[in-house]
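Asker: If you scroll down you'll find the structure; I have some questions about it.
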């Protein structure tokens with residue numbers, strides 16, 4: 095091969111598990127960890143340079159040339175580059191797609207990775223001395239906001255606090271604020287810690303002392319604290335240790351809805367640059383925060399799972415709040431676990447990682463048992479908060495008023511009479527789970543999925559929660575033309591309607607994905623609850639984690655029975671976590687809390703054990719059952735999913751795969767079998783479950799077998815995916 099041939103290996107964002115060779119000329123200077131624009135088929139794609147080579151199996155005349163070098167300097171530093179590459183290998187996902195999934199949208203589109211100037215407003219000397227009229231509520235609030243944020247208000251801060259630029263007009267006209275534009279670099283604040291009035295209790299002091307001993311080395315800590323035990327205070331003080339040493343901190347939360355309130359609490363403690371990173375941001379906002387963290391201009395980054403792939407100049411600590419939460423596992427595309435990968439990144443950087451939860455996952459409990467994690471226990475609620483009292487209402491042979499029993503109604507009345515708030519929990523959004531024709535029995539089913547369509551009365555639509563198909567509610571039954579179409583079952587929308595009728599003088603609000611779709615709507619609702627502007631809150635699992643409502647004293651679970659019977663071995667763990675977390679919203683202030691559960695199965699072992707034991711005792715039983723059955727975390731699993739227009743095709747492909755994998759004696763192969771929901775989004779689905787004694791074994795087998803599997807003729811007839819360490823098997 096001619097010596098002048100210059101070759102570079104590029105990861106291209108396509109569903110192929112390989113790198114592609116491209117030529118470049120002497121005038122081009124691609125760098126490892128930089129982007130290039132390359133021809134791929136009939137299109138040009140942004141690829142990522144992974145290395146250089148002087149060898150190739152492709153004929154020279156067939157090797158295409160790089161169209162453009164986008165980055166002449168390294169964009170993805172060595173640490174992050176290695177971390178993303180390892181993640182792609184472990185989760186057996188095409189590396190080009192992984193790089194695209196881990197980077198900001200504008201970066202993947204080839205846009206310049208540069209900071210832009212930002213518009214902001216600065217309080218003037220007159221503004222600091224100003225005394226607005228008492229009825230000028232917004233003016234007072236905005237001036238106080240400016241004081242809290244070092245005299246500066248950014249557009250992000252305005253939005254976070256439910257203000258708009260138009261609200262500043264009178265303050266600008268009076269000369270109390272002035273508008274300016276500066277480089278984001280000029281916004282850097284030398285971090286400092288604000289004094290706290292909270293004095294840690296004995297358990298918190300012990301936890302902090304243990305964390306402090308490992309503040310500069312890798313050590314996973316499981317902060318196992320009951321709800322309202324003060325885990326956040328341990329986070330804040332541990333973060334302060336790092337910030338005072340000019341280190342950066344990454345805080346991962348499971349939901350977008352928790353990010354703004356976490357940021358506000360952190361800003362009350364830290365005079366520092368704190369960034370949010372989540373999918374609700376604009377591409378430009380996300381890129382700016384990504385670059386600021388990379389350049390060390392941000393001290394603390396708070397975000398959802400994808401924030402894990404943020405570049406840092408000097409990361410010193412990772413915190414994962416609610417580490418058990420399923421939201422940390424990506425369920426499509428690049429199916430990674432942010433919790434598990436956070437451990438890998440902390441190990442790579444030799445820094446501590448704190449994983450907090452009132453209901454730790456079985457994986458984390460197992461790692462404590464194996465000596466890999468150190469458990470830090472907070473067994474008591476902080477301050478005056480007492481554990482909630484629990485009751486189970488047997489609703490068998492009792493009349494229900496659209497899902498509400500008489501004892502539950504009386505309990506709600508009792509708490510409302512004391513001017514206390516009630517949370518009525520139902521993990522099912524919409525008005526009704528199905529629509530039934532009273533005359534012929536027709537059910538409104540999704541023609542693209544094997545499921546009924548949920549009725550949303552506010553929109554007058556039927557909505558499939560699996561493929562997102564929406565249609566207007568028909569006026570007549572399409573089968574018999576009857577107009578007797580009845581909503582069957584209870585959703586949060588209907589429950590809100592029922593409670594409004596039962597308690598007409600009370601304010602009933604609903605918190606679910608439908609009521610919080612609009613930007614900042616979740617923050618508005620949370621503020622209303624905290625300000626006492628809601629008496630009864632109807633909520634899904636969105637409210638089961640992280641929220642602190644001091645005046646909320648009653649939590650009522652309307653329908654838990656559907657969670658008690660499942661073929662999935664993780665169902666017991668998930669239900670126990672959900673009930674414990676939602677119960678933890680009650681009695682976080684001075685008044686004692688209460689949780690009541692309606693059930694047709696009041697003697698179910700899970701319900702009895704959960705309220706006669708604590709979660710730790712129950713989790714020990716669940717771990718023992720997993721060990722006896724050789725289920726994760728005592729073994730390793732991989733789930734292969736395949737789909738096509740006809741079920742025969744994924745079944746044939748997975749059968750070919752099973753024949754190849756059955757040659758390995760240290761691997762158990764289950765299936766193939768049709769997926770629990772065979773039809774979804776118009777595709778017929780099947781799956782294959784693999785299990786081995788440990789993760790290294792299953793990875794070694796996959797690395798050897800996948801190149802052979804990919805060459806099978808049947809592989810070309812289906813779309814298929816690999817889910818390493820699956821959280822949903824059924």
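Residue numbers (our numbering): 95 to 824.
Positions of the beta carbon are idealized from the N, C-alpha and C atoms, including for glycine.
Please read these numbers as outputs of a predicted model, since none were measured by experiment.
Under the three-state reduction of DSSP, which class applies to residue 643: helix, strand or coil?
Answerer: coil
Asker: Looking at the secondary structure, which residues open and close the beta strand (DSSP E) in which residue 814 lies?
Answerer: 813-818
Asker: Residue 208 to residue 509, Cα distance in whole Å?
Answerer: 55 angstroms
Asker: Counting only runs of 3+ residues fully inside the segment 459-517, write out the beta strand (DSSP E) ranges in chain order.
Answerer: 468-472 and 483-488
Asker: Does the beta-carbon distance from residue 731 to residue 823 come in below 9 angstroms?
Answerer: It is a contact, given that the beta carbons lie within the stated cut-off.
Asker: Quick one: Cα of residue 777 to Cα of residue 483, how far?
Answerer: 47 angstroms
Asker: Between 210, 813 and 793, which has its C-alpha nearest residue 275's C-alpha?
Answerer: 210
Asker: If you compare alpha carbons, which of 446, 395 and 287 is closest to residue 311?
Answerer: 446
Asker: Whole angstroms is fine: what's the gap from residue 638's alpha carbon to residue 489's?
Answerer: Spanning the two alpha carbons is a distance of roughly 24 angstroms.
Asker: For residue 546, which of helix, strand or coil comes out of DSSP?
Answerer: Of the three classes helix, strand and coil, the one that applies to residue 546 here is strand, per DSSP.
Asker: Could you check whether residue 817 and residue 734 sit closer than 9 angstroms to each other, using their CB atoms as the reference points?
Answerer: yes
Asker: Residue 438 and residue 498 look like a contact to me (Cβ under 8 angstroms); what is the Cβ gap, rounded to whole Å?
Answerer: Not confirmed; about 47 angstroms, so no contact.
Asker: Is it buried or exposed for residue 110, if we count other Cβ within 10 angstroms and need 16 for buried?
Answerer: Exposed, by the Cβ-count rule.
Asker: Are the beta-carbon atoms belonging to residue 331 and residue 294 less than 9 angstroms from one another?
Answerer: yes
Asker: Report all residues from its chain with a CB closer than 8 angstroms to the CB of residue 232; omit the five preceding and five following residues, and keep chain order.
Answerer: For residue 232, where only same-chain residues beyond five positions count, the Cβ hits under 8 angstroms are 257 and 261.
Asker: Classify residue 627 as helix, strand or coil using the three-state DSSP reduction.
Answerer: coil
Asker: Look up residue 731 in the DSSP assignment and give the residues it is bridged to.
Answerer: DSSP lists 785 as partners of residue 731.
Asker: Return the CA-CA distance between residue 107 and residue 198, expressed in angstroms with no decimal places.
Answerer: Residue 107 and residue 198 have their C-alpha atoms spaced approximately 14 angstroms apart.
Asker: Say the cut is 8 angstroms; is the CB of residue 137 nearer than that to a heavy atom of the ligand HEM?
Answerer: Of ligands this structure carries none, so the ligand HEM is not represented either.
Asker: Between residue 157 and residue 117, which are expected to be in contact by the criterion C-beta below 8 angstroms, what is the C-beta distance as a whole number of angstroms?
Answerer: Indeed, because the Cβ distance is near 5 angstroms, the residues count as touching under 8 angstroms.
Asker: Which runs of the beta strand (DSSP E) at least 3 residues long sit entirely within the segment 746-800? Give them in chain order.
Answerer: Counting whole runs of 3 or more residues, the segment 746-800 contains the beta strand (DSSP E) stretches 762-774 and 777-786.
Asker: Curious, which full-length beta strand (DSSP E) runs of at least 3 residues does the segment 551-621 contain?
Answerer: 555-557, 564-566, 579-582 and 602-605
Asker: Note down, in chain order, each residue of its chain lying with its Cβ closer than 6 angstroms to the Cβ of residue 594, except the 5 sequence neighbours on either side.
Answerer: 602
Asker: Which class does residue 346 belong to by DSSP, given the choice of helix, strand or coil?
Answerer: strand
Asker: Given a cut-off of 9 angstroms, decide if residue 666 and residue 709 are closer than it, judged by their beta-carbon atoms.
Answerer: no
Asker: Does residue 373 pass the burial test, meaning 16 or more other C-beta atoms within 10 Å, or should it be called exposed?
Answerer: exposed
Asker: Please list, in chain order, all residues of the same chain as residue 288 whose beta carbon is under 8 angstroms from its beta carbon, the five residues on each side excluded.
Answerer: 362, 363, 364 and 365
Asker: Measure the Cβ-Cβ separation of residue 748 and residue 798 and say whether it is below 9 angstroms.
Answerer: no
Asker: Is residue 809 helix, strand or coil when you go by DSSP?
Answerer: DSSP places residue 809 in helix when its eight states are reduced to three.
Asker: Can residue 696 and residue 487 be called in contact, C-beta distance under 9 angstroms?
Answerer: yes
Asker: Measure the alpha-carbon distance for residue 547 versus residue 807 and round it to whole angstroms.
Answerer: Rounded to the nearest angstrom, the two C-alpha atoms are 37 angstroms apart.
Asker: If we ignore side chains and look at the alpha-carbon of each, how far apart do residue 656 and residue 422 end up?
Answerer: 24 angstroms
Asker: Pick out whichever of 223, 167, 215 and 104 has its Cα sitting closest to the Cα of residue 189.
Answerer: 104
Asker: So residue 634 and residue 605 are supposed to be a Cβ contact under 8 angstroms. How far apart are they, rounded?
Answerer: 7 angstroms
Asker: Look up residue 164 in the DSSP assignment and say whether it is helix, strand or coil.
Answerer: coil
Asker: Output the boundary residues of the beta strand (DSSP E) element that contains residue 531.
Answerer: 528-531
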